[in-house]
Structures are given as structure tokens and as C-alpha cells.
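Protein chains in written order, with our numbering: chain P, 167 to 416; chain B, 4 to 328. Step one of this worksheet: look at the structure below.
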Amino acid sequence: MKIVVCIKRVPDTEARIRVAADGRSVDVTGVKFITNPYDEFALEAALRLREAEGEGEVVALSLGDTGIAETLRAALAMGADSAVHLTTDRPLEGLAAAHAIAAELSGRDFDLALFGLKAIDDDLQAVGVMVAELIDLPAATAVTEFRREGDRIIAEREVEGGMEVVELPTPCILTITKGAYEPRYASLKGIMAAKKKPFEEKAAMAEGDGGIQVESLQPPPERQPGRIVGEGPDAVPELLRILREQGFIA
Amino acid sequence: MPILAVVEARAGQLPSISRDVIGAARSVAEATGDEVEAVLIGGADIRGAAEDLGRWGVSRVHLAAAEGVEWNEPGLYRRIVVDLARTRSPRAVIFPASAMGRDLAPRVAARLEVGYAAECVGVEIEGDEVIAVRPRYAGKVTARERFTRGPAVLSVRGNAFPVEEGEGSAEVVPVEVPANSGVPGVVVREVRAGEGARLDVSEAPVVVSGGRGLREPGNFRLLEELAQALGNAAVGASRAVVDAGWRPHAEQVGQTGKTVAPALYFAIGISGAIQHLAGMRTAGYIVAINKDPDAPIFRAADAGIVGDLFEIVPRLTEEIRKMRG
Chain P
167 MKIVVCIKRV
177 PDTEARIRVA
187 ADGRSVDVTG
197 VKFITNPYDE
207 FALEAALRLR
217 EAEGEGEVVA
227 LSLGDTGIAE
237 TLRAALAMGA
247 DSAVHLTTDR
257 PLEGLAAAHA
267 IAAELSGRDF
277 DLALFGLKAI
287 DDDLQAVGVM
297 VAELIDLPAA
307 TAVTEFRREG
317 DRIIAEREVE
327 GGMEVVELPT
337 PCILTITKGA
347 YEPRYASLKG
357 IMAAKKKPFE
367 EKAAMAEGDG
377 GIQVESLQPP
387 PERQPGRIVG
397 EGPDAVPELL
407 RILREQGFIA
Chain B
4 MPILAVVEAR
14 AGQLPSISRD
24 VIGAARSVAE
34 ATGDEVEAVL
44 IGGADIRGAA
54 EDLGRWGVSR
64 VHLAAAEGVE
74 WNEPGLYRRI
84 VVDLARTRSP
94 RAVIFPASAM
104 GRDLAPRVAA
114 RLEVGYAAEC
124 VGVEIEGDEV
134 IAVRPRYAGK
144 VTARERFTRG
154 PAVLSVRGNA
164 FPVEEGEGSA
174 EVVPVEVPAN
184 SGVPGVVVRE
194 VRAGEGARLD
204 VSEAPVVVSG
214 GRGLREPGNF
224 RLLEELAQAL
234 GNAAVGASRA
244 VVDAGWRPHA
254 EQVGQTGKTV
264 APALYFAIGI
274 SGAIQHLAGM
284 RTAGYIVAIN
294 KDPDAPIFRA
304 ADAGIVGDLF
314 EIVPRLTEEI
324 RKMRG
């Protein structure tokens with residue numbers, strides 16, 4: 167089975183996000199970058215499927231500038247068999263990123279392409295399913311767990327009020343959310359082996375602006391500082407008085 | 004150019020986030036002088052819901068209703084909405100930021116070769132252009148994003164676009180449901196409802212969230228009772244208790260869970276880690292209950308009570324029940 171896992175490098179949540187001088191991008195000086203957590207679930211899912219089948223190939227693919235190499239090496243250390251770095255000179259997201267990835271995937275033979283549900287920097291939750299639409303593949307999003315039955319994938323999806331079980335023919339695309347796939351740590355052996363695994367670098371086919379552009383970034387509106395109303399259950403009437411006054415409780 | 008609101012139906016009912024979709028569509032329409040049209044897709048039982056949409060300011064409803072059509076057929080829905088967008092040339096196509104909307108909206112955007120803004124909290128018009136206002140970086144910045152071509156495709160957050168009900172009726176126009184999506188498809192084998200008819204945490208106007216301070220899964224009963232006393236509340240959970248298996252992931256509020264913006268948010272026995280704050284920092288009013296006065300949650304909260312939640316929460320539930328009679 168050939169599985170491609172698409173991975174994004176994102177700023178760590180703990181990072182202080184500062185708007186750059188141009189007012190429309192983020193100042194990344196000193197910011198620590200990590201593998202998007204949802205993409206780690208996807209990579210873990212791919213590795214477990216390969217283990218369950220006893221054979222198969224897992225390719226880690228990422229789109230971006232030079233910093234991406236580190237993220238791809240981490241994916242190789244976790245157990246991916248090879249890496250593909252699609253280089254870009256500017257950050258791509260949304261439809262523009264989907265086009266670049268779709269161009270690469272349409273030239274590849276694969277059974278399954280996995281994406282994390284969303285990236286924690288742009289929170290768009292779009293690229294995986296956009297790629298599916300661009301290359302006419304069936305796709306299921308928000309998958310918590312899945313298995314293969316012959317040439318079909320049976321996947322569980324998280325939906326409002328419960329869970330849905332869906333079936334798709336391969337080749338197909340899944341976007342993975344938190345569920346069964348707690349990511350493994352790379353072993354020292356894995357880290358050493360990563361250095362020798364195939365690593366391909368090629369220019370991304372990036373055209374157009376993806377139909378949307380960030381005009382400005384601002385810090386969120388200031389909140390008034392809050393206060394501690396009191397201690398213990400005796401503070402409850404005062405809390406309720408405040409909530410009533412504010413109109414939150416009738 | 005109409006503003007097209009994609010109204011979700013679940014088991015014949017319209018969830019509350021549908022109002023935010025119409026509210027967002029109306030706020031654009033008010034700025035441009037356009038009409039609001041809705042597309043409603045589902046089984047044969049949604050006709051009544053279609054007629055009701057006139058009261059919310061929708062002038063025309065494109066109704067694609069047929070036996071056996073459920074929202075969970077993404078390819079089919081995508082085809083209906085894309086065909087309608089190509090025929091009606093809307094200025095914008097607006098989806099709910101629900102599981103259905105966040106799956107469907109990017110599919111439609113990709114097919115139309117246009118940009119997409121997810122989970123918007125505002126929409127503005129400048130001249131002829133649509134600008135989406137939405138959070139990035141776990142809510143640490145608010146972005147204004149300009150669509151460079153139309154239609155603008157957006158999904159909107161629950162509780163972000165209030166709208167008033169009025170008088171009015173909508174013209175209902177039947178839309179043919181295609182036989183298939185055109186792509187070898189996704190087949191739904193089974194739908195499993197969650198335990199009880201819980202209001203979804205991303206749509207409820209009030210959320211009562213719990214963390215490790217609850218000590219045991221069974222103690223979440225205290226929060227369920229509080230939610231019930233409040234009447235319109237959903238129970239949420241921190242990552243720690245979801246990871247521990249006490250609560251389902253669907254209730255998780257935070258970076259690898261849901262981002263919610265209810266009018267009122269209770270953080271009970273939750274320390275206030277940054278990943279949790281990411282999911283609720285834009286709530287209207289935040290109340291924290293924690294025994295540790297130095298817990299970071301108190302810095303994010305508008306009001307707090309320090310003390311033992313096992314005494315405070317039952318007292319709060321009791322007082323609310325008394326108040327509401």
C-alpha cells in the first residue's frame with residue numbers, strides 16, 4: 167500500500183505571536199516551529215497501517231521554504247520511508263497550497279493520501295479536501311480511526327451529536343483528527359536511520375493567489391481585566407447577581 | 004447578485020448555527036442591497052423548515068429535498084451547491100462552521116476555483132469586495148482577508164451573527180437532486196448518535212466546561228446538572244480529561260478540540276493552559292471556578308470564585324434552579 171502523508175510546519179502554540187511591521191504577516195523571529203499536531207496523527211495512522219499490513223510505503227510530503235527540511239526529517243525519524251519537499255519562495259495556504267499539492271499528487275501513484283484535519287496556524291481546515299476536489303478523489307474529513315478492507319477504506323468520522331461510519335474506494339483522501347492515533351516518539355535508531363532515507367527536493371508548482379489575501383492582522387480586542395468575586399459557595403449569590411445584571415441569566 | 008446562505012438541516016431540524024449563517028448573509032446584503040437566498044438540502048421532511056426561512060429575512064429558498072438524502076453525502080451536496088452557485092452567480096456563499104459546513108465549504112471553493120475563509124466572526128464589504136474577519140494562530144490575532152475574486156466562500160462561527168426573527172415569507176424553488184456526485188463516492192454505512200441529545204459545544208449559547216479538577220469521570224454529573232439548570236448549556240471538556248477517556252473528543256474545547264464563542268463560558272476545575280484558552284478566549288463572558296487562586300484561568304476570566312468546586316457548583320446549580328423557578 168502506498169500512503170502519502172502531507173505535513174505542515176507551524177509555530178508552537180506557546181509562541182508569542184507578534185504582528186510584523188507590515189501589519190499583514192507574523193514576525194517569526196525566535197518563534198519555535200513544530201509539526202502540526204493533526205499531521206502527526208495522520209503520520210501515525212499511516213505508520214500503523216503499514217505495520218498492520220506488514221508491507222507498504224509511507225511518503226512524507228511538505229510544502230514550504232528551507233525550514234521544512236527539519237520537519238520532514240522528524241517524519242522520517244518517526245518511520246516514514248521517504249520525504250518530498252516542495253519548495254516555495256512564499257508561504258502558500260488554502261487553494262494555492264491545494265493546487266501545489268494536487269499537482270504533485272496527480273503525478274504519483276498512491277492508494278491513500280492523509281492530511282491532518284487542520285493546521286493550528288491558519289485553522290482553515292481546507293487543504294486536504296480541496297486537493298481531493300481538484301484531483302477528483304473521494305474524501306472523508308474529521309476521521310478518528312480507519313481500516314482497509316480490500317480496495318475500500320472504512321472510516322469513522324466525528325460529526326455533531328455522534329459518529330458516522332463511511333466507506334470509500336481507494337485511492338482516496340482522509341483528513342485525520344484526534345482519535346486513535348496518538349503519535350509515537352522517534353527512537354534514536356529512527357533518528358539515525360532518517361539521515362539515510364531518500365529525500366527529494368523540487369520546486370512546487372505554485373500559481374495564483376488562491377483567491378484570497380490577508381489584508382491585515384491585529385491583536386484581538388482587549389478584554390477588561392476580571393475579578394475574583396469571592397471564596398467558596400458563599401460567593402455564588404454575588405456571582406449570580408453579576409450574571410443577572412449582565413443579562414446572562416434570566 | 005444574491006448572497007447564498009447554505010442552511011444545514013439535521014434530522015429535519017435547523018440547528019441554531021443556521022441563524023448565524025443567515026445573519027452573516029443578511030449583514031452582507033444590508034451593505035450591498037442584495038437579496039438573501041438560501042439553499043436547503045435534505046430528506047423530504049425539511050419542506051416546513053424551508054417555508055420558515057422567510058421569517059429570518061430570506062427571500063428565496065432553493066430546496067433540494069428527496070427521500071434518503073442526508074447531509075452526510077458530501078459529494079452530492081457539493082454538486083448541488085456548486086451548480087447553484089454557477090447558475091445564480093452569488094456575491095458570497097456562506098456556510099455554517101459546523102462539521103458539515105467545514106467539510107462542504109472548502110469543497111465548493113475548490114470546485115469554483117475561489118478563495119475560502121473559515122470560521123469567520125465578521126464579514127465586511129469595501130466597495131465591491133468582500134472581506135472576511137477571522138481568528139488565526141489560536142485566536143492570538145484577528146485577520147482581515149480580502150477575496151480577490153467571486154463568489155466569496157465563507158464558513159461562519161456559531162453565536163457570531165445574531166439575527167432577529169420577523170415577518171416575511173420566502174419563495175420556495177425546488178432544485179433537482181442529482182443521482183450522484185460525479186466522483187466515485189463516499190457511502191455512509193452507519194450513523195451513531197452520541198449519548199443523549201446533547202447540544203453541541205460549538206453551538207450552545209452557554210458552555211459549562213470541566214477539567215482535571217473534577218477528579219473522576221463520574222463527577223461530571225455535577226456539570227451536567229448545572230447545564231440542565233441553565234437550560235441552554237452544553238458540557239465541554241479540557242484536553243486532559245478527553246485524553247484520560249472521561250469525556251468524548253467532541254466535547255473538547257481547545258487547540259486540538261473545538262473553538263467556541265458562547266455568550267457565557269464556565270471553566271470549572273480547569274487550570275487555563277494556553278491550548279485550552281485558544282478554544283474559548285473569545286467567549287462573551289468567562290467565569291472560572293478553581294481552588295488554586297494562582298491558576299492562569301483567573302487571568303482570562305471576567306469573574307471567578309476560588310474554592311472547592313464540589314461545594315461551589317452544587318450551590319450554583321441550586322441557586323439557578325431557584326432563580327428560574
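We treat Cβ as the ideally placed atom computed from N, Cα and C, and that holds for glycine. Fair warning: this is a prediction, and the values are worked out from it, not measured in the lab.
Using beta-carbon distances, LEU354/P does not count as an interface residue toward chain B, since no partner is under 7 Å. With the criterion set as a beta carbon lying under 7 Å from some beta carbon of chain P, the members of the stretch 239-269 of chain B are HIS252, ALA253, GLN258, THR259, ALA266, LEU267, in sequence order. VAL331/P reaches chain B at VAL191, ARG192, GLU193, VAL194, ARG195, counting residues in chain order whose Cβ is nearer than 9 Å. Residues of chain P with a Cβ closer than 7 Å to the Cβ of GLN278/B are, in chain order, THR179. Residue pairing of GLY104/B in beta bridges, as defined by DSSP: absent, with no partner found. A distance below 6 Å between beta-carbons, with the five flanking residues on each side excluded, links GLY307/B to the following residues of its chain, in chain order: ALA291, PHE301.
Sorting SER21/B, ALA12/B, ARG82/B, LEU202/B by C-alpha distance to the C-alpha of GLY239/B places LEU202/B at the top. DSSP, reduced to helix, strand and coil, places GLU70/B outside both helices and strands of the structure shown, so it counts as coil. According to DSSP, residue pairing for PRO177/B in a beta bridge involves LEU66/B. The count of Cβ pairs closer than 8 Å, one atom from the stretch 352-360 of chain P and one from the stretch 227-237 of chain B, stays below three, leaving the stretches out of contact. The closest CA to that of GLY230/P, considering only LEU258/P, TYR347/P, GLY189/P, is found on LEU258/P. When the beta-carbon positions are compared, VAL170/P and PHE281/P stay at least 7 Å from each other. Within the stretch 277-325 of chain B, the runs of beta strand (DSSP E) at least 3 residues long that lie entirely inside it are, in chain order, 288-293, 306-309.
Among the residues of the stretch 302-319 of chain P, those with a Cβ less than 8 Å away from any Cβ of chain B are ASP302, LEU303, PRO304, ALA305, ALA306, THR307, ALA308, THR310, in the order of the chain. In the DSSP secondary-structure assignment, GLY328/P is bridged to VAL325/P, ALA196/B. According to DSSP, residue pairing for HIS251/P in a beta bridge involves SER228/P, GLU367/P. Non-local C-beta neighbours of GLY345/P in its own chain, meaning closer than 6 Å and more than five positions away in sequence, comprise THR310, GLU311, ordered along the chain. Under the Cβ distance rule, LYS198/P does not count among the residues neighbouring chain B, no pair being separated by less than 7 Å.
If you compare the alpha carbons of GLY260/P, ILE301/P, ALA279/P with that of ALA121/B, the shortest gap goes to GLY260/P. Around ALA264/P, the beta-carbon contacts reaching into chain B at under 7 Å are ALA113. At a cut-off of 7 Å between beta carbons, GLY307/B contacts chain P. Under the three-state reduction of DSSP output, LEU79/B falls in the helix class. Straight through space, the alpha carbons of GLY46/B and VAL293/P are spaced by roughly 29 Å.
Using a CB distance cut-off of 7 Å, ARG218/B does not count as an interface residue toward chain P. In this structure, DSSP gives VAL156/B an extended state, which the three-state scheme calls strand. Listed in chain order, the non-local C-beta contacts of ASP375/P below 7 Å within the same chain comprise ALA262, local neighbours out to five positions each way being set aside. In terms of Cα proximity to PRO18/B, the closest of VAL61/B, VAL178/B, SER101/B is SER101/B.
The Cβ of PHE150/B sits closer than 7 Å to at least one Cβ of chain P.
With a 10 Å radius around the Cβ and a threshold of 16 neighbouring Cβ atoms, SER92/B comes out exposed. One alpha carbon belongs to GLU333/P, the other to ALA208/P, and they sit about 18 Å apart. For TYR204/P, the enclosing alpha helix (DSSP H) starts and ends at 203-219.
According to the DSSP secondary-structure assignment, ILE173/P is paired through a beta bridge with SER228/P.
The CB of MET283/B never comes closer than 7 Å to any CB in chain P; the least such distance is about 12 Å. In the DSSP assignment, ILE408/P falls within the unbroken alpha helix (DSSP H) covering 402-411. Between GLY125/B and ILE378/P, the beta carbon gap of about 15 Å keeps them out of contact (Cβ cut-off 8 Å). In the structure shown, LEU43/B falls within a strand segment according to DSSP collapsed to helix, strand and coil.
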